[in-house]
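Participant: Can you read through this structure? Questions will come right after.
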Amino acid sequence: MSRILNDKSKSIFEWLNWLNIKWNNYEAFLDFEDGSDPKEVAEKFVDLNRIEFLHLFESLDKDDLDVLDQMQKLTESESHVFKMIRDQIDYLNKVKYVDFNKKEY
1 MSRILNDKSK
11 SIFEWLNWLN
21 IKWNNYEAFL
31 DFEDGSDPKE
41 VAEKFVDLNR
51 IEFLHLFESL
61 DKDDLDVLDQ
71 MQKLTESESH
81 VFKMIRDQID
91 YLNKVKYVDF
101 NKKEY
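Sequential numbering from 1 applies to the sequence shown in our numbering.
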């Protein structure tokens, strides 16, 4: 990562740690309850933290895109895991019809 600003610039991993802490403290579910969709929630989050995001954008370079790409892939994979769990719960909760009058031979 290039150090455009100065030696106090954060590495991509410091930024990701900052993002993780900020996101975990953000009450996104309140926005969902108010009818916001995920993209709107993300835009609101970025807007609320715009100063820090501006510093982030100034400090990133091409090498950081690889890290961000890998993080996005991990996030997408997590989403698929949640979907698989949800599908399994739906499957297990389905009522199964058993015909007790059917004779087995």
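Each residue gets a CB set at the ideal place from its N, CA and C atoms; glycine is no exception. Every value quoted in this text rests on a predicted model; they were computed, and no experiment measured them.
Here's a check: name, in chain order, each residue in its chain whose Cβ is nearer than 6 Å to the Cβ of W15, leaving out the five neighbours to either side.
Facilitator: Hits under 6 Å: L56.
Participant: Assuming V98 is part of the alpha helix (DSSP H), what are its boundary residues?
Facilitator: Unbroken run through V98: none, as it is neither H nor E.
Participant: Checking 7 Å against the spacing of the C-beta atoms, do F45 and Y26 come in under that value?
Facilitator: Against a cut-off of 7 Å, the Cβ pair of Y26 and F45 comes out as a contact.
Participant: Which value, in whole angstroms, describes the spacing of the CA atoms of I12 and H80?
Facilitator: About 25 Å.
Participant: So what does DSSP say about S36, is it helix, strand or coil?
Facilitator: Three-state DSSP puts S36 in coil, outside helix and strand.
Participant: Near M1, what residues of its chain come up, given a Cβ to Cβ distance below 8 Å and the 5 sequence neighbours on each side ignored?
Facilitator: With a pLDDT of 39 at M1, under the threshold of 50, the predicted position of this residue should be treated as unreliable, though the coordinate-derived value follows. The answer, listed in chain order, is S9, S11, I12, S59, L60, D61, D63, D64.
Participant: At what residues does the alpha helix (DSSP H) containing N17 begin and finish?
Facilitator: 12-25 is the extent of the alpha helix (DSSP H) around N17.
Participant: Roughly how many angstroms lie between the CA atoms of D37 and F29, to the nearest whole one?
Facilitator: The alpha-carbon atoms of D37 and F29 are separated by roughly 10 Å.
Participant: Alpha carbon to alpha carbon, how far is E40 from Q88?
Facilitator: Distance between the alpha carbons of E40 and Q88 is about 29 Å.
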